[in-house]
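A.B. asks: Input: one structure, supplied below.
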Amino acid sequence: MYQADENRYGKMVYNRCGKTGLKLPAISLGLWHNFGDGSNPENIREMLLTSFDLGITHFDLANNYGPAPGSAESNFGKILKSDLNAYRDELIISTKAGYKMWEGPYGDWGSKKYLVASLDQSLKRIGVDYVDIFYHHRMDPETPLWETMDALAGIVRSGKALYVGLSNYSPEKLAEASKILREMGVPCLIHQHRYSMLQRDNEKLIPVIEEADMGAIAFCPLAQGLLTGKYNAGVPADSRMAGKSVFLDEKALTDEVIEKLVRLGKFAEKRGQALPQMALAWALKKGKLTSVIIGASRAGQIVENVKTLENLEFTEDEMNRIEGILA
Ligand SMILES: NC(=O)c1ccc[n+]([C@@H]2O[C@H](COP(=O)([O-])OP(=O)(O)OC[C@H]3O[C@@H](n4cnc5c(N)ncnc54)[C@H](OP(=O)(O)O)[C@@H]3O)[C@@H](O)[C@H]2O)c1
């Protein structure tokens, strides 16, 4: 029987989510890739339990993660039942709805009909009575923002989620949505967006997030693996890119990007860190993040990435020099 590492909470840093009562681990684990039905169940179990043993308390899901859609939630639910059930109150489980999940007009976007039905399905797949964070996955330009926020607030009142989050909103829509939620008495806990050394557009969200007292969490903080340096000399056979992920194309490997990655790698080495560790530490600081959601294909990557916490500090000079490389 699995027994969690007694020292797990000494291995992680927990950051307060905005001005809320909730703390999240500086490093969270996402189940977008490598937790679906095509993945090895033993590897899934090892990644989840290794994470928890390292103090990773937050697991990020969505209705559509797989393949097949829904299977990452089901597979997470299996490990929750077999190994982590005794630790439910030590876990922050998040899921989302907003992308296409089922056929017809009620299986996508942001209507109340879709969000409530989707969360009910997610709860069944995960095998829990409630999730800790329920996200609207992307803004729906056709549904009134009020309706989507009303659905989220109602979900919290129903007890099926403790907190709500928003993901992939523009600064303008995030400001509007968070105001509506606050007026409804269910403030937005957190915004989730893409952010890394190579993808910095979402720095424009920071003032809105701060103004609304919410937390910020980044996805793809390693740019799906580019920021590990693993693609600097070609595409390794056991990588996401070689797996023909539709989300990560070889076109991303331009000379300019590789040159930056090589320079960043040398800079990280001078700091006594590996590149992914520096990339995660930098994102936490520069992006003013509560947490970064890493992905992994094997447990060793999670162990390596949690070593980020050994050096989270940057001098002003280091930040400026990194800025010079990224420019
Ligand atoms: N809200 C949204 O719209 C949205 C969108 C996308 C993702 N997300 C969330 O964000 C999570 C993370 O996204 P992501 O998986 O793209 O994050 P990522 O951390 O940028 O990339 C993770 C991938 O990089 C490789 N990797 C990680 N650490 C490594 C290491 N130390 N050495 C070598 N390779 C390493 C692994 O791929 P390989 O080993 O296979 O190469 C791993 O699967 C998702 O699981 C999901 O929860 C949310």
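Mapping of the sequence shown onto this note's numbering: residues 35 to 361, in sequence order.
Ideal Cβ positions, reconstructed from N, Cα and C, are used throughout, including at glycine.
Using a Cβ-Cβ cut-off of 6 angstroms (strictly less than) and excluding sequence neighbours within five positions of K341, which residues of its own chain qualify?
C.D. replies: Answer for K341: Q311, listed in chain order.
A.B. asks: Along the beta strand (DSSP E) that carries I359, what are the first and last residues, could you check?
C.D. replies: That residue, I359, is in no beta strand (DSSP E); its alpha helix (DSSP H) goes 350 to 360.
A.B. asks: Look at G100 and G70 and say whether their C-beta atoms are less than 8 angstroms apart.
C.D. replies: Yes; because the gap between Cβ atoms is below 8 angstroms, this pair is in contact.
A.B. asks: Quick one: does the C-beta of T262 sit closer than 7 angstroms to a heavy atom of ligand 1?
C.D. replies: The answer is yes for T262.
A.B. asks: Heavy atom of ligand 1 less than 7 angstroms from the Cβ of C51, yes or no?
C.D. replies: False, no ligand heavy atom lies under 7 angstroms from that Cβ.
A.B. asks: With distance defined between alpha-carbon atoms, name the residue in L157, I78, E176, P175 nearest to I167.
C.D. replies: The residue with the shortest Cα to Cα distance from I167 is L157.
A.B. asks: Would you be able to state if there are at least three C-beta pairs under 8 angstroms between the stretch 41 to 50 and the stretch 208 to 228?
C.D. replies: Too few Cβ pairs lie closer than 8 angstroms, so no.
A.B. asks: Can I214 be considered in contact with ligand 1, in the sense that its beta carbon sits closer than 7 angstroms to one or more heavy atoms?
C.D. replies: It does not: the Cβ of I214 is nowhere closer than 7 angstroms to a heavy atom of ligand 1.
A.B. asks: Quick one: what's got a C-beta closer than 8 angstroms to K57's C-beta in the same chain, skipping five residues either side?
C.D. replies: If we look at K57 and ignore the five residues flanking it on each side, its Cβ neighbours are Y48, N49, R50, C51.
A.B. asks: I'd like the span of the beta strand (DSSP E) that includes Y197, first residue to last.
C.D. replies: Where Y197 is concerned, the enclosing beta strand (DSSP E) stretches over 195 to 201.
A.B. asks: Distance check for I127 and V165, CA to CA, integer angstroms please.
C.D. replies: Approximately 6 angstroms, taken between the alpha carbons.
A.B. asks: Leaving out the 5 sequence neighbours to the left and right, which residues in its chain are closer than 7 angstroms to A286 when beta-carbon positions are compared?
C.D. replies: So the qualifying residues of the chain are L260.
A.B. asks: Would you mind stating whether V436 and L179 have Cβ atoms separated by less than 8 angstroms?
C.D. replies: The shown model of the chain, from 35 to 361, leaves out residue 436, and the question about it has no answer.
A.B. asks: Between L65 and I90, is the Cβ-Cβ spacing less than 8 angstroms?
C.D. replies: No.
A.B. asks: Regarding G64 and ligand 1, is the C-beta to nearest heavy atom distance less than 7 angstroms?
C.D. replies: G64 Cβ: within cutoff of ligand 1.
A.B. asks: So F301 and I356 are in contact, right, with Cβ under 8 angstroms, and what is the actual spacing, rounded?
C.D. replies: Indeed, because the Cβ distance is near 7 angstroms, the residues count as touching under 8 angstroms.
A.B. asks: If you pair each beta-carbon of the stretch 317 to 334 with each one of the stretch 221 to 230, do three or more pairs fall below 8 angstroms?
C.D. replies: Enough Cβ pairs lie closer than 8 angstroms, so yes.
A.B. asks: Would you mind reading off the limits of the beta strand (DSSP E) that contains V165?
C.D. replies: From DSSP, the beta strand (DSSP E) with V165 extends over 165 to 170.
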